[in-house]
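Visitor: Take a look at the following structure, please.
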Amino acid sequence: MSRTGDVIWTPSAAQQERAAITAFGRALPELLAGTGHASPALPAGDIDALQRWSVAHRAAFWTAWWRRCDLLADSVTDAPPWAHAGIGLDRMAPPTAQDGPRWFPDARLNVAEHLLRGAPDQDALISWDERGPRGRLSRGALQREVARVADGLRAAGLSAGDRVAGFVPNGPHAVIAMLAAASLGAVWSSCSPDFGTRGVLDRFSQIAPTVLFACDGYRYAGKEIDTRARVAEIVSALPSVQAVVMVPWLQDAPDLSAIPRAVPWDAFGDAAAPLAFTRLPFDHPLYILYSSGTTGLPKAIVHGAGGTLLQHLKELVLHTDLRAEDRLFYFTTCGWMMWNWMVSALAVGAAIVTYDGAPLAPEPDILWRLAATERVAVFGTSAKYLALAEKEGLTPRRTHDLAALRTICSTGSPLAEHSYDYVLRDVHPGVCLSSISGGTDIVSCFALGNPAGVVRRGELQMLGLGMAVDVWDADGQPLRDAAGELVCTKPFPSMPVGFWNDADGAKYRSAYFEHFPGVWRHGDWATRPSHGGLIIHGRSDATLNPGGVRIGTAEIYRVVEQHPDIVESLVVGQDVLQDGERDVRIVLFVRLREGRTLDDALRDAIKRDIRAHASPHHVPKVIVAVTDIPRTRSGKITELAVRDIIHGRWPKNTEALANPEALEQFRHRPELALTDATAPVSQPS
Numbered sequence: 173m174s175r176t177g178d179v180i181w182t183p184s185a186a187q188q189e190r191a192a193i194t195a196f197g198r199a200l201p202e203l204l205a206g207t208g209h210a211s212p213a214l215p216a217g218d219i220d221a222l223q224r225w226s227v228a229h230r231a232a233f234w235t236a237w238w239r240r241c242d243l244l245a246d247s248v249t250d251a252p253p254w255a256h257a258g259i260g261l262d263r264m265a266p267p268t269a270q271d272g273p274r275w276f277p278d279a280r281l282n283v284a285e286h287l288l289r290g291a292p293d294q295d296a297l298i299s300w301d302e303r304g305p306r307g308r309l310s311r312g313a314l315q316r317e318v319a320r321v322a323d324g325l326r327a328a329g330l331s332a333g334d335r336v337a338g339f340v341p342n343g344p345h346a347v348i349a350m351l352a353a354a355s356l357g358a359v360w361s362s363c364s365p366d367f368g369t370r371g372v373l374d375r376f377s378q379i380a381p382t383v384l385f386a387c388d389g390y391r392y393a394g395k396e397i398d399t400r401a402r403v404a405e406i407v408s409a410l411p412s413v414q415a416v417v418m419v420p421w422l423q424d425a426p427d428l429s430a431i432p433r434a435v436p437w438d439a440f441g442d443a444a445a446p447l448a449f450t451r452l453p454f455d456h457p458l459y460i461l462y463s464s465g466t467t468g469l470p471k472a473i474v475h476g477a478g479g480t481l482l483q484h485l486k487e488l489v490l491h492t493d494l495r496a497e498d499r500l501f502y503f504t505t506c507g508w509m510m511w512n513w514m515v516s517a518l519a520v521g522a523a524i525v526t527y528d529g530a531p532l533a534p535e536p537d538i539l540w541r542l543a544a545t546e547r548v549a550v551f552g553t554s555a556k557y558l559a560l561a562e563k564e565g566l567t568p569r570r571t572h573d574l575a576a577l578r579t580i581c582s583t584g585s586p587l588a589e590h591s592y593d594y595v596l597r598d599v600h601p602g603v604c605l606s607s608i609s610g611g612t613d614i615v616s617c618f619a620l621g622n623p624a625g626v627v628r629r630g631e632l633q634m635l636g637l638g639m640a641v642d643v644w645d646a647d648g649q650p651l652r653d654a655a656g657e658l659v660c661t662k663p664f665p666s667m668p669v670g671f672w673n674d675a676d677g678a679k680y681r682s683a684y685f686e687h688f689p690g691v692w693r694h695g696d697w698a699t700r701p702s703h704g705g706l707i708i709h710g711r712s713d714a715t716l717n718p719g720g721v722r723i724g725t726a727e728i729y730r731v732v733e734q735h736p737d738i739v740e741s742l743v744v745g746q747d748v749l750q751d752g753e754r755d756v757r758i759v760l761f762v763r764l765r766e767g768r769t770l771d772d773a774l775r776d777a778i779k780r781d782i783r784a785h786a787s788p789h790h791v792p793k794v795i796v797a798v799t800d801i802p803r804t805r806s807g808k809i810t811e812l813a814v815r816d817i818i819h820g821r822w823p824k825n826t827e828a829l830a831n832p833e834a835l836e837q838f839r840h841r842p843e844l845a846l847t848d849a850t851a852p853v854s855q856p857s
């Protein structure tokens, strides 16, 4: 019987020796020579020892990694830019504090300069949509396009620190616009074009962009959706916007007459303009990303240039084993942080493959066709996609040539045990399957892959190098082999430089540092096994507490979604009175395959499976069928919105949802009626 923690993949001796993470540990004496940091005496190939050292000696680790990356930077002193690792690196005070933490304060760099360096004839950007390949750009062509658009931004009056917003599909235009903005020191922020007008304005109105890049429309599941009317509404509500650069995605020459200050993409900037880069402080803002916004106005999270670059390079090279000759694909939109992570692969020298559209329609195997055609080495996706691919019966190892594929990354939610088995059985038996976890808050990961280590079913392979990650109980004591709060106890370079419009840092402190004073509490419910790695059980605020036993929702999903009649599910806790005492009962909502019915036999089978493979505490008291499940724009199911609905509270910000109409299925369900009936949900006008 398969179990969580069983070893299901082991790298060969050659793979371990060839892995960049192994080579980095071996090169530390050379990398630290002349830095003033002591070189560690680490056992050869001992990645666990390397991780422990990287946390205990973070300044030395990040200095060594800077030198390994050979970053292009100036210094405000006579010393090299890496010579002063930081200020206040022993404390996790918010970045507004003058005494730290601040990383590499003497360095001046530009992220676009790193992403664009390389041989002009080398592939840089390959784009696909639902119809197949759409185009490709060499590094030379990408450099020329970035120079042109940067010229247009300068002509529009843009300067360092100004904001540039993107309401664009995941394709070449988004990458070019971001790099052009970054080359000038402007701050990039983007939403995918499936956002409604209110959702876009909830985000962009906070940051007052000077230039907006927008599209005439997009394709999804075989349909064409025109967005020009939405763009006109957005621009009219954003008085800060001086120019609207329109990307021709559906038509070659769309009519732009109804859009104020609109400029066609090809007419923006001088094609003969030279490429130039403004080097700015290490923590100069690069990106503004947004929280999901399901509990209120999305938080505008500001990420610095140097920290993002250094962290992404570490994750791509050491934890993912990405190489300069590789191609990397991640299934994402411009509204998810994995887009930013994907684009950073250009700095490794790799080519990136973008895809815009539905993952399973109109062709169920479109993403695997992409991977085979483009010889993708690193394939990134969501746990939900892998679960749905298994439900669809896709067997890529039999239908596509995936010989180039070395690593599959999965994120967005915990990867179920059966998905580990599916990947190695039906996708690629030799692939390193890396479940990774972090988030928008850090634009990177707390735990992720180890190409030189084993893969255990249901577990993330290792904690990130340089990341002081732990799991604590309610009293702030470390836990092993038991579930608790995921925390980070020491600063790291990709912490936010702050929230937008949060001058005193109050929102920032409230978001991460109040639960455990001075310690980053991430909001994940997790376990650190004694043998290493990490298990994510779900979000802390979505954990269930029936009979006083706290359990993660992922433990239920892992069982339920293996059932052949169930496409997907959502589980929440409903407050009840039990013998005069407040308690929680588990309610499970299931979306069934077409033609299936939720009858008593199916309910009994679901409960039996959960009891056998999780525990009696996990068994739902109520199981309800629905035809759709609400999810955020990045594809994550939203348990909190459903929990609000069944308790008589309308969610605060339905604009954050991709399908808010699905919420109606959870209102006034007779199956959820209680003796102490909840107040009816009142929808806002």
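Residues are numbered in our numbering as their position in the sequence shown, beginning at 1, plus a constant of 172.
Don't be surprised by glycine CBs; every beta carbon is placed ideally from N, CA and C.
Source: prediction; values computed, not measured.
(1) Would you kindly work out how many angstroms separate the C-alpha atoms of SER331 and VAL659, rounded to a whole number?
(2) For the 8 Å Cβ check, are there 3 or more pairs between the stretch 336 to 349 and the stretch 404 to 420?
(3) Whether or not the stretch 690 to 707 and the stretch 530 to 537 are in contact is what I'm after, with contact meaning three or more pairs of Cβ atoms, one per stretch, closer than 8 Å; do they touch?
(4) Mind checking VAL150: buried by the 16 CB within 10 Å criterion, or exposed?
(5) Across which residues does DSSP place PRO305 in a beta bridge pair?
(6) From which residue to which residue does the beta strand (DSSP E) around GLU740 run?
(7) Beta-carbon within less than 7 Å of TYR557's beta-carbon, same chain only, minus the 5 sequence neighbours each way: which residues are those?
(8) I'd like the span of the alpha helix (DSSP H) that includes TRP672, first residue to last.
(9) With ILE801 and ALA834 assumed to form a contact (beta carbons below 8 Å), what rounded beta-carbon distance in angstroms separates them?
(10) What span of residues does the beta strand (DSSP E) with VAL762 cover, start to end?
(11) Going by C-alpha to C-alpha distance, which of ASN512, PHE367 and GLY719 sits closest to ASN825?
(12) Take the Cβ of SER857 as the centre, count every other Cβ of all protein chains shown within 10 Å, and call the residue buried at 16 or more, exposed below.
(13) In the DSSP assignment, find the unbroken alpha helix (DSSP H) run with PRO201 in it and report its ends.
(14) Please name the residue, chosen from ASP713, GLY529 and ALA549, that lies closest to ASP573 on a Cα-to-Cα basis.
(15) To the nearest angstrom, how far is the alpha carbon of VAL515 from that of ALA236?
(16) Hey, ILE298 and ALA523 are a contact pair by Cβ (cut 8 Å); roughly how many whole angstroms apart?
(17) Is it right to say GLN649 is buried, meaning 16 or more other beta carbons lie within 10 angstroms of its own, or is it exposed?
(18) Evaluate THR382 with the Cβ neighbour count: other Cβ atoms within 10 Å of its Cβ, from every protein chain shown; 16 or more gives buried, anything less gives exposed.
(19) Please report how far the alpha carbon of VAL853 lies from the alpha carbon of ILE738, in whole angstroms.
(20) For GLU285, which residues of its own chain have a beta-carbon under 6 Å away from its beta-carbon, when the five flanking residues on both sides are left out?
(21) So, helix, strand or coil for TRP225, using DSSP?
(22) To which residues of the same chain is ASP493 closer than 6 Å at the C-beta, ignoring the five residues directly before and after it?
(23) Spatial neighbours of GLY521 within its chain, please: CB distance less than 6 Å, with the 5 preceding and 5 following residues excluded, ordered by chain position.
(24) Between the Cα of LEU373 and those of ILE219, GLY621, ALA472 and PRO586, spot the shortest distance and give me the residue it belongs to.
(25) In angstroms with no decimal places, state the Cα-to-Cα distance between ALA313 and GLY307.
(26) Given a threshold of 16 other Cβ atoms within 10 Å of its Cβ, counted over all protein chains shown, does ASN512 qualify as buried or as exposed?
(27) Please confirm whether GLY476 and PHE454 have their CB atoms less than 8 Å apart.
(28) Put ALA849 into one of helix, strand or coil per three-state DSSP.
(29) Which first and last residues belong to the alpha helix (DSSP H) in which CYS241 is found?
(30) Tell me whether the stretch 214 to 230 and the stretch 240 to 255 touch, counting them as touching only if at least three CB pairs, one residue from each stretch, are closer than 8 Å.
(31) Along the chain, which unbroken stretches of the alpha helix (DSSP H) at least 4 residues long are found entirely within the stretch 276 to 353?
(32) What do you reckon, are the CB atoms on ILE778 and HIS735 nearer than 8 Å?
(33) Excluding the 5 residues preceding and the 5 following PRO305 in the sequence, name in chain order all residues of the same chain whose CB lies nearer than 6 Å to its CB.
Guide: Working from what's here:
(1) The count along the sequence shown starts at 1 and reaches residue 331 at position 159. The count along the sequence shown starts at 1 and reaches residue 659 at position 487. About 37 Å.
(2) Judged by pairs of C-beta atoms under 8 Å, the stretch 336 to 349 touches the stretch 404 to 420, as three or more such pairs exist.
(3) By the Cβ criterion, the stretch 530 to 537 is not in contact with the stretch 690 to 707, since fewer than three pairs of Cβ atoms, one from each stretch, lie closer than 8 Å.
(4) Since the displayed the chain opens at 173 and closes at 857, residue 150 lies outside it and no answer follows.
(5) As a position in the sequence shown, residue 305 is number 133, starting the count at 1. Answer is TRP300.
(6) For the purposes of this step, residue 740 is identified with residue 568 of the sequence shown, where counting begins at 1. DSSP places GLU740 inside the beta strand (DSSP E), whose first and last residues are 738 to 750.
(7) The sequence position of residue 557 within the sequence shown is 385, counting from 1. PHE503 and PRO531, listed in sequence order.
(8) For the purposes of this step, residue 672 is taken as the residue at position 500 of the sequence shown. For TRP672, no alpha helix (DSSP H) segment is defined, and its DSSP state is neither H nor E.
(9) The residue given as residue 801 occupies position 629 in the sequence shown. The residue given as residue 834 occupies position 662 in the sequence shown. The C-beta separation of ILE801 from ALA834 comes to about 6 Å, placing the pair in contact by the 8 Å criterion.
(10) By one-based count along the sequence shown, residue 762 stands at place 590. Annotation: the continuous beta strand (DSSP E) that includes VAL762 extends over 753 to 764.
(11) As a working note, residue 825 is residue 653 in the sequence shown. With distances taken between Cα atoms, ASN825 lies closest to PHE367.
(12) Indexing the sequence shown from 1 puts residue 857 at position 685. Because SER857 sits at a pLDDT of 36, beneath the cut-off of 50, its placement in the model cannot be relied upon, and the following sentence gives the value as read from the coordinates. If you draw a 10 Å sphere on the C-beta of SER857, you find fewer than 16 other C-beta atoms in it, and that means exposed.
(13) Looking up residue 201 in the sequence shown gives position 29. Run containing PRO201: 192 to 204, per the alpha helix (DSSP H) assignment.
(14) To locate residue 573, count along the sequence shown from 1; it is residue 401. Nearest of ASP713, GLY529 and ALA549 to ASP573, Cα basis: ALA549.
(15) Counting from one through the sequence shown, the residue named residue 515 turns up at place 343. Counting from one through the sequence shown, the residue named residue 236 turns up at place 64. Going by C-alpha positions, VAL515 is about 23 Å away from ALA236.
(16) Here residue 298 is taken as the residue at index 126 of the sequence shown, counted from 1. Here residue 523 is taken as the residue at index 351 of the sequence shown, counted from 1. The C-beta distance from ILE298 to ALA523 rounds to 6 Å, short enough to meet the 8 Å contact threshold.
(17) Position 477 of the sequence shown, counting from 1, holds the residue named residue 649. Looking at its Cβ environment, which holds fewer than 16 other Cβ atoms inside 10 Å, GLN649 is exposed.
(18) Working through the sequence shown from its first residue, we reach residue 382 at position 210. With 16 or more other CB atoms across the displayed protein chains lying within 10 angstroms of its CB, THR382 is buried.
(19) The residue labelled residue 853 in the question sits at position 681 within the sequence shown. The residue labelled residue 738 in the question sits at position 566 within the sequence shown. Caution applies to VAL853, whose pLDDT of 41 falls short of 50 and renders its modelled position unreliable; the model cannot decide the point.
(20) Translated into positions along the sequence shown, residue 285 becomes position 113. For GLU285, where only same-chain residues beyond five positions count, the Cβ hits under 6 Å are LEU244 and PHE449.
(21) Numbered from its first residue, the sequence shown carries residue 225 at position 53. Helix, per DSSP.
(22) Against the sequence shown, residue 493 aligns to sequence position 321. Taking ASP493 as the centre and dropping the five residues before and after it, the same chain places the C-beta of ALA191, ALA192 and PRO623 closer than 6 Å to its C-beta, in chain order.
(23) Reading the sequence shown from its first residue, position 349 is the one you call residue 521. Result list for GLY521: GLY290 and ALA496, in chain order.
(24) For the purposes of this step, residue 373 is taken as residue 201 along the sequence shown, with counting starting at 1. Ranking ILE219, GLY621, ALA472 and PRO586 by Cα distance to LEU373 puts ALA472 first.
(25) Sequence index remark: in the sequence shown, residue 313 carries index 141 (1-based). Sequence index remark: in the sequence shown, residue 307 carries index 135 (1-based). About 12 Å.
(26) Your numbering for residue 512 matches position 340 in the sequence shown. Around the beta carbon of ASN512, a 10 Å sphere encloses 16 or more other beta carbons of the protein chains shown; the residue is thus reported as buried.
(27) One-based indexing of the sequence shown puts residue 476 at position 304. One-based indexing of the sequence shown puts residue 454 at position 282. In contact: GLY476 and PHE454 (Cβ atoms closer than 8 Å).
(28) The sequence position of residue 849 within the sequence shown is 677, counting from 1. Model confidence at ALA849 stands at a pLDDT of 40, short of 50, so the residue's coordinates are unreliable and nothing is read from them.
(29) Here residue 241 refers to the residue found at position 69 when the sequence shown is read from its first residue. For CYS241, the uninterrupted alpha helix (DSSP H) segment begins and ends at 230 to 241.
(30) Contact fails: fewer than three Cβ-Cβ distances are below 8 Å.
(31) The stretch 276 to 353 is shown to contain whole alpha helix (DSSP H) runs of 4 or more residues at 283 to 288 and 311 to 327, in chain order.
(32) Here residue 778 is taken as the residue at index 606 of the sequence shown, counted from 1. Here residue 735 is taken as the residue at index 563 of the sequence shown, counted from 1. Yes, the Cβ-Cβ distance between ILE778 and HIS735 is below 8 Å.
(33) On the sequence shown, residue 305 is found 133 positions in, with the first residue counted as 1. Once the five neighbours on either side are set aside, PRO305 has no close Cβ partner at all.
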